[in-house]
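Written out below as structure tokens is the structure these notes cover.
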Amino acid sequence: MDEENQPLKLNVGGMIFETLLDTLTKVPSSKLSRILTGSEPSVQQIGPREYFIDRDGSLFGYILDFLRTSELLLPGDFRDYDSLAKEFEFYELDPVLCTLETVQRKNKSEILEVRYIRKRTGAFFRVFGSSVETVLALSSQITLHVEKASFSPQASIEKKKPTSAQILSFHDLVFQCGAKNYVNGGQVNIYVQITPEDRKILLGFNVLGILLDYLTKIGFCLQNTRAIHQQEDTVDCYTLKRNMK
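Numbering (my numbering), first residue to last: 3 to 247.
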């Protein structure tokens, strides 16, 4: 076997890899393609056809697999994209960075949790989101219509100016629906409208159904449901996820 076809041994951060020169020269402009020239101070020769590189060995495994297969295959739960991008930059594998960005967009997802709290005369909703943009956009889609209830058929219904869901922080918002009683005996009905629906909904369970339906239409998928039992209430939690574009 001629020397060029003999395997090379790479010690990267204490992890040992064996490969061929043809694999390392897949990207001619990279540091790895110049490994035998001795012109790279970051690559130290420690034996015949054996080299040491003081970098992250676990991430180098993904890089070597890419050079072998021309595919960037990462585990489904991989999240350390920034560190992997730095390794690609170190080895001067710039053409691969576009592939990494594509994989990152494909694998990156956002989480949304809807909490539904049932009350005797209404319901409260609290929505938590990992994306600030999604929380703000959802708030603008939810409109609350408050009408003063009257038990006299002849009396006109007093309406207040519609409001949006209340944003508590960059990552959560709250709103409610149903009847709300005051200490003076008065009562208002709070209706919820979720654009593009033009209906105003009073009952909490119906609002929940429309909200979940809207979220699935914009790309979210229901992952799981659970119930949290508090002193006086039961909180139904719905966790949804979608891939970010």
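Even for Gly, the Cβ is constructed at its ideal location relative to N, Cα and C.
Predicted model, so just to flag it, every value in this text is computed and none were measured.
Ignore the nearest five residues each way along the sequence and tell me which others in residue i's own chain have a CB closer than 8 Å to its CB.
i, result
"L102", "L74, Y83, L86, A87 and F90"
"L61", "D82, S85, L86 and E89"
Determine whether the beta carbon atoms of residue i and residue j lie at a separation below 8 Å.
i, j, result
"G264", "L213", "The requested residue 264 does not occur in the structure, where the chain is confined to residues 3 to 247."
"I18", "K28", "no"
"N226", "S111", "no"
"G63", "G16", "no"
"I196", "Q143", "yes"
"I192", "G124", "yes"
"Y240", "V116", "yes"
"L207", "V194", "It should be pointed out that residue 207 corresponds to Phe in this sequence rather than to Leu. In this structure, V194 does not lie closer than 8 Å to F207 by Cβ."
"E42", "R51", "no"
"P30", "L22", "no"
"L114", "T145", "no"
"K202", "H147", "yes"
Mapping the DSSP letters down to three states, classify residue i as helix, strand or coil.
i, result
"D96", "helix"
"I220", "coil"
"R120", "strand"
"A157", "Confidence in A157 is poor, its pLDDT being 47 and thus under 50, which makes the residue's placement too unreliable to answer from."
"S44", "coil"
"G131", "strand"
"R62", "It should be noted that the sequence gives Phe, not Arg, for residue 62. F62: helix per DSSP, three-state reduction."
"E89", "helix"
"G49", "strand"
"R57", "coil"
"A167", "coil"
"I37", "coil"
"D215", "helix"
For residue i, which residues in the same chain have their Cβ closer than 6 Å to its Cβ, ignoring the five residues on either side in sequence?
i, result
"S141", "S166, A167, I169 and L175"
"F54", "N13, Q46 and I48"
"L34", "L26 and Y93"
"I119", "F126, D235 and V237"
"F172", "V134"
"G221", "R244"
"V129", "V116 and L175"
Identify, in the order they occur along the chain, each residue of the same chain with its Cβ nearer than 7 Å to the Cβ of residue i, setting aside the five sequence neighbours on each side.
i, result
"C223", "L242, K243 and R244"
| message | Extract the residue ranges of the alpha helix (DSSP H) inside the segment 169 to 206, only unbroken runs of 4 or more that lie entirely within it. | response | none
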